[in-house]
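*Asks:* Could you have a look at this structure, given as structure tokens, before my questions?
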Amino acid sequence: MGKGGPMAFLNKKTWHPGRVQNMEEVWKREQVASKEEQKVRDLQKQIAEERAREELHSMAQAAGVKVRNDRLDWMYQGGVMAKKEADSRVATQGVGSSDDPGAQASSQGEPAQDAAPVSLPAFYSNDTPASANEMWQRLHADPLFAIKHQEQSARRSILANPVQMQAIKAQVRQLKPEHGKDKKKEKKEK
329 MGKGGPMAFL NKKTWHPGRV QNMEEVWKRE QVASKEEQKV RDLQKQIAEE RAREELHSMA
389 QAAGVKVRND RLDWMYQGGV MAKKEADSRV ATQGVGSSDD PGAQASSQGE PAQDAAPVSL
449 PAFYSNDTPA SANEMWQRLH ADPLFAIKHQ EQSARRSILA NPVQMQAIKA QVRQLKPEHG
509 KDKKKEKKEK
């Protein structure tokens, strides 16, 4: 008899669990599952830590400790609000005591450069018609955009024309059998 006993031929079947490809696929799936389980464990640990932190904060608040305000409003405010806050900070710095010598020198002889409006980069700002026009102009002046737009319009016109679609399908049908025949000839030659 052959190697592996009378049932060794079954290892060649695609459905057999003893096949190397099937064992490899099982191993890969087990690796993915273990990674997913590790992520779940990490998330559970993180949630438990957050709950413990929240409990400590609530206990501290009950004991009379001042609550810290952890908000992300600054991230979602537009440029106008950030500019107002920057102006108010500049105003309070100008009104407050000037302990640093640079501030004293600027207030003595030269006009203050801080009087100019402060423009801060904003994470999110309201869209204005000018910015929308600017974005449209940038988009439509892009040469790659023009090329892609031409390709899409050509593709749409071909798809809309049934005569051209039939011609393309006929060409594809002609190419496929030739390709298959070439492979058969190569196999016979080997």
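Residue 329 is where the sequence shown starts when you use our numbering, and the numbers rise one by one after that. C-beta: ideal position from N, C-alpha, C; glycine also. Here the structure is a predicted model, which is why all the values come from computation and not from measurement.
(1) Got a sec, what are the start and stop residues for the alpha helix (DSSP H) Asn339 sits in?
(2) Whole angstroms is fine: what's the gap from Val500's alpha carbon to Lys511's?
(3) Assuming Asn339 contacts Gly346 under a Cβ cut-off of 8 Å, what Cβ separation, rounded to an integer in Å, is found between them?
(4) By the three-class DSSP mapping on this structure, what secondary structure does Asn489 have?
(5) Go through its chain and collect everything with a Cβ distance to Glu438's Cβ below 7 Å, but skip five positions before and after it.
(6) If we ignore side chains and look at the alpha-carbon of each, how far apart do Gln389 and Ala469 end up?
(7) If you follow the alpha helix (DSSP H) that Asp370 is in, where does it begin and where does it stop?
(8) Indicate the three-state DSSP secondary structure (helix, strand or coil) for Asp470 in the structure shown.
(9) To the nearest angstrom, how far is the alpha carbon of Pro471 from that of Asn461?
(10) Leaving aside the five residues before and after His344 along the sequence, list all residues of the same chain whose C-beta is less than 8 Å from its C-beta, in chain order.
*Replies:* Taking the coordinates as given:
(1) Looking at the DSSP string, Asn339 is not in any alpha helix (DSSP H), and its letter there is neither H nor E.
(2) Here the C-alpha atom of Val500 lies approximately 17 Å from the C-alpha atom of Lys511.
(3) 5 Å
(4) coil
(5) Since pLDDT at Glu438 reaches only 47, below the 50 mark, its modelled position is unreliable, and no value is offered.
(6) 57 Å
(7) Val348 to Ala391
(8) coil
(9) Between Pro471 and Asn461, the alpha-carbon positions lie close to 18 Å from each other.
(10) Leu338 and Asn350
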